[in-house]
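Engineer: There's a structure below that I have some questions on.
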Amino acid sequence: MTTAVFFDLDLTLLQYTTDFESIFERAVPDAPDGAYERYVSVLLDSFDQLSTDPYYEGFGAVVSEFDVDADPETLTTRHAEAELAATTVPESAHEALVRTASDRPTGILTNGTLEMQRAKLERHDLEAVVDAVVVSNDPDVAARKPDTGIFHAAEASLPADDYVYVGDTYDEDIVGARQAGWDAIHVGTDGPDDDPARVDSVDEAVARILD
Ligand SMILES: [Mg+2]
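Be aware that the sequence shown starts at 19, since it is given in the working numbering, and climbs by one per residue.
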């Protein structure tokens, strides 16, 4: 029996050194009141609609509706650079991923755009470690957690007898994985306190899977 292991990326393997509003402000210094909220609203709707370019759409709304003297391409590029610069992967999480991949078929399963999520993986030397990368807004996947479609896309990308998912967001990661028939380990504090899937760290999740 082979068990494949998929990991969530944002806030599971990868952490942020600053909040999302600060990243936005690096792309749009001195943003008018309401611009950030409008950006977030359009961004999230675009993600939900499985757009391949939700950041561009978010900045397009900002440029057309507010007094911002820049084009959406420039803001999108600046934001991507600021977001990447704000990412970090703890050594312990990197080592846990390497340890898993040396023992099991291992992948990344993440909500986001293919371009941005791959850029994060490359920046932190994660892509070469894993066997598969499954991203929600990739047109070949076109399903976002907790939709079971993204878990089925992961199964197609990495055949195995069983699957386990490691993620930080209870309603998306743990509920979604279980609905798809997967086991799940929760590296987070949201959701029910008494769920036995909860652990404190990626290391602990991997120890539970491998040891
Ligand atoms: Mg996450």
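Glycine residues also receive a C-beta, built at the ideal position from the N, C-alpha and C atoms.
Is the closest heavy atom of ligand 1 to the C-beta of Thr20 under 7 Å?
Structural biologist: no
Engineer: For ligand 1, is there any heavy atom lying closer than 7 Å to the beta carbon of Asp28?
Structural biologist: yes
Engineer: For Asp63, does the three-state DSSP call read helix, strand or coil?
Structural biologist: The answer is helix: DSSP assigns Asp63 an H, G or I state.
Engineer: Does any heavy atom of ligand 1 sit closer than 7 Å to the C-beta of Gly185?
Structural biologist: yes
Engineer: I'd like to know whether the C-beta atoms of Asn129 and Ser69 end up nearer to each other than 8 Å.
Structural biologist: no
Engineer: Per DSSP, Gln135 forms a beta bridge with which residues?
Structural biologist: Partner(s): none; Gln135 has no beta bridge.
Engineer: What are the boundary residues of the alpha helix (DSSP H) that Phe169 is part of?
Structural biologist: Thr166 to Ser175
Engineer: For Phe24, name the three-state secondary structure that DSSP assigns.
Structural biologist: strand
Engineer: For Asp201, which of helix, strand or coil comes out of DSSP?
Structural biologist: The answer is strand: DSSP assigns Asp201 an E or B state.
Engineer: For Val152 versus Val159, is the C-beta distance shorter than 8 Å?
Structural biologist: yes
Engineer: List the endpoints of the continuous alpha helix (DSSP H) containing Tyr74.
Structural biologist: Pro72 to Glu83
Engineer: In whole angstroms, what is the alpha-carbon distance linking Thr131 and Asp71?
Structural biologist: 7 Å
Engineer: Is Val58 near ligand 3, with its Cβ less than 7 Å from a heavy atom?
Structural biologist: Ligand 3 is not part of this structure, which contains only ligand 1.
Engineer: Expressed to the nearest angstrom, what Euclidean distance is found between the alpha-carbon atoms of Asp28 and Tyr181?
Structural biologist: 20 Å
Engineer: Tell me, which residues are paired with Arg216 by DSSP?
Structural biologist: His204
Engineer: Can you give the Cα-Cα distance for Pro47 and Ala88, rounded to whole angstroms?
Structural biologist: 11 Å
Engineer: Round the Cβ separation of Val23 and Thr118 to the nearest angstrom and send it over; I've been treating them as touching at under 8 Å.
Structural biologist: 5 Å
Engineer: Are the beta-carbon atoms of Asp149 and Gly125 separated by less than 8 Å?
Structural biologist: yes
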